[in-house]
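Peer 1: Below: one structure in structure tokens.
2 protein chains.
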Amino acid sequence: MSSLADHIEAYIKKMLRSSGTNSVELSRAQMADDFSCVPSQINYVLSTRFTLERGYIVESRRGGGGYIRIGRVQVEDDYAHAVRLLQSIGSELTEKQMDNILVHLKDHQIISPRELRLIRGIVQQEAGKIGQGRNLLRASLVRSLLFFIIESKS
Amino acid sequence: MSSLADHIEAYIKKMLRSSGTNSVELSRAQMADDFSCVPSQINYVLSTRFTLERGYIVESRRGGGGYIRIGRVQVEDDYAHAVRLLQSIGSELTEKQMDNILVHLKDHQIISPRELRLIRGIVQQEAGKIGQGRNLLRASLVRSLLFFIIESKS
DNA sequence: TGAACTAAGGTCAGTAATAGTCAAAGGAAG
DNA sequence: CTTCCTTTGACTATTACTGACCTTAGTTCA
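The listed protein sequences correspond, in order, to chains H and F.
The numbering of the first sequence is the numbering used here, which starts it at 1 and goes up by one.
The numbering of the second sequence is the numbering used here, which starts it at 155 and goes up by one.
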């Protein structure tokens, strides 16, 4: 049931975890070949799953000896970083923005997968109860829940 | 007597029981096909029977390879009463009502004094940001934060 | 040295595959 | 008959995947 994009994402994350250097380099064509797909599929995965919002940096070079390098953003202090992320939440938050923040925090082990699911569930449930102002509610809810979690752990 | 929605509910619960993992994944279209109904009927069942208050988390994704995943979250007996209290929170909540609930939960050791202060602080902060609909926001915020706390402890 | 060739990677728009929303119609229990 | 729950379907939104075409960098050789 999980899509090809999911598999590619998982594979890259596994490479990242086992790299030790927080950064991996790969060949787009090679990758596409390994997964039997068109090369642009790799770009699709990168642009949907490895965004800056989610805490990843992607660099690349074309031409002979070209490459794609994927790194995780470096933070000195996870706690301070999380607080900054929280502060970056404005008064409105779309579902996609929320997801990016949650995945970012999960990938950096600031919240657990279970907490991520719970927050998503709670927000979905509450947002479903109102007609207007969902983005406003989402912002409040996510800010509060994350603040609570971070505060509880510190 | 027993409606189609009931059958679908029972079927999903049976899948959950026999899954071993406390979570099942299904395809909305497939499900609708199996029960010879329109796909949105599945949404109806999910939104009326598999709510957070009843102990379920529903996640889904659209698009190719899309899915609906239903997970179970279990609440211990100690907290069942608190959950019922949560359910009684309507769509609006005044500051006074909120305080009554928080104090009650603190007195019954469901939340700690620190958590009480934290919730009050968060709600005050968020409520201060908006002009209208404070009671609506308070209800969502308190319900969500308390649910999160209870869920995290059980 | 620079034109032509080779070897990467990037973009974008179109198609297909799912799921979600909402309001209206239907039906059963009081 | 009224009210509440169920069922339906038309319309919408999101996500995945593909292929044609574009850009950039290195290499070769007249």
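Beta carbons are placed, not taken as given, at the ideal position from N, Cα and C, and that holds for glycine.
For the segment 165 to 192 of chain F, which residues have a CB atom closer than 8 Å to at least one CB atom of chain H, in sequence order?
Peer 2: Hits within the stretch, in order: Glu179 and Ser181.
Peer 1: With distances taken between CB atoms, is the gap from Ile122 (chain H) to Leu206 (chain F) smaller than 9 Å?
Peer 2: Looking up residue 122 (chain H) in the first sequence gives position 122. Looking up residue 206 (chain F) in the second sequence gives position 52. For Ile122 (chain H) and Leu206 (chain F), yes; Cβs fall inside 9 Å.
Peer 1: Jot down the residue ranges of each uninterrupted alpha helix (DSSP H) in the segment 193 to 232 of chain F, minimum 4 residues, whole runs only, in chain order.
Peer 2: Runs of the alpha helix (DSSP H) inside the segment 193 to 232 of chain F: 193 to 203.
Peer 1: Can you tell me which of the three DSSP states Glu25 (chain H) falls into?
Peer 2: In the first sequence, counting from the first residue as 1, residue 25 (chain H) sits at position 25. Looking at Glu25 (chain H) - three-state DSSP - the assignment turns out to be strand.
Peer 1: Taking just the CA atoms, how far does Leu105 (chain H) sit from Ile149 (chain H)?
Peer 2: Indexing the first sequence from 1 puts residue 149 (chain H) at position 149. Indexing the first sequence from 1 puts residue 105 (chain H) at position 105. Roughly 11 Å separates the two Cα atoms.
Peer 1: Among F:Arg274, F:Ser245 and F:Lys167, which residue has its Cα nearest to the Cα of Asn254 (chain F)?
Peer 2: Sequence index remark: in the second sequence, residue 254 (chain F) carries index 100 (1-based). With distances taken between Cα atoms, Asn254 (chain F) lies closest to F:Arg274.
Peer 1: Could you tell me which of H:Arg69, H:Glu76 and H:Ser152 sits nearest to Met15 (chain H), measuring between CA atoms?
Peer 2: Indexing the first sequence from 1 puts residue 15 (chain H) at position 15. The shortest Cα separation from Met15 (chain H) among H:Arg69, H:Glu76 and H:Ser152 belongs to H:Arg69.
Peer 1: So Ile111 (chain H) packs on Asp78 (chain H), CB below 8 Å; how close in whole Å?
Peer 2: Locating residue 111 (chain H) in the first sequence gives position 111, where the first residue counts as 1. Locating residue 78 (chain H) in the first sequence gives position 78, where the first residue counts as 1. Not a contact, Cβ separation roughly 11 Å.
Peer 1: Around the Cβ of Arg84 (chain H), are there at least 16 other Cβ atoms within 10 angstroms (buried) or fewer (exposed)?
Peer 2: Numbered from 1 along the first sequence, position 84 holds the residue referred to as residue 84 (chain H). It counts as exposed.
Peer 1: Going by beta-carbon coordinates alone, are Gly90 (chain H) and Ala139 (chain H) separated by less than 9 Å?
Peer 2: Translated into the one-based positions of the first sequence, residue 90 (chain H) becomes position 90. Translated into the one-based positions of the first sequence, residue 139 (chain H) becomes position 139. Yes. Within cutoff.
Peer 1: Report, in whole angstroms, the separation of the C-beta atoms of Arg226 (chain F) and Ser177 (chain F), which I expect to be a contact under 8 Å.
Peer 2: Residue 226 (chain F) sits at position 72 when you count from the first residue of the second sequence. Residue 177 (chain F) sits at position 23 when you count from the first residue of the second sequence. Right, the Cβ-Cβ distance comes to about 7 Å (below 8 Å), so this counts as a contact.
Peer 1: Between the beta-carbon of Tyr221 (chain F) and the beta-carbon of Ser181 (chain F), is there less than 9 Å?
Peer 2: Your numbering for residue 221 (chain F) matches position 67 in the second sequence. Your numbering for residue 181 (chain F) matches position 27 in the second sequence. Contact flag set, yes.
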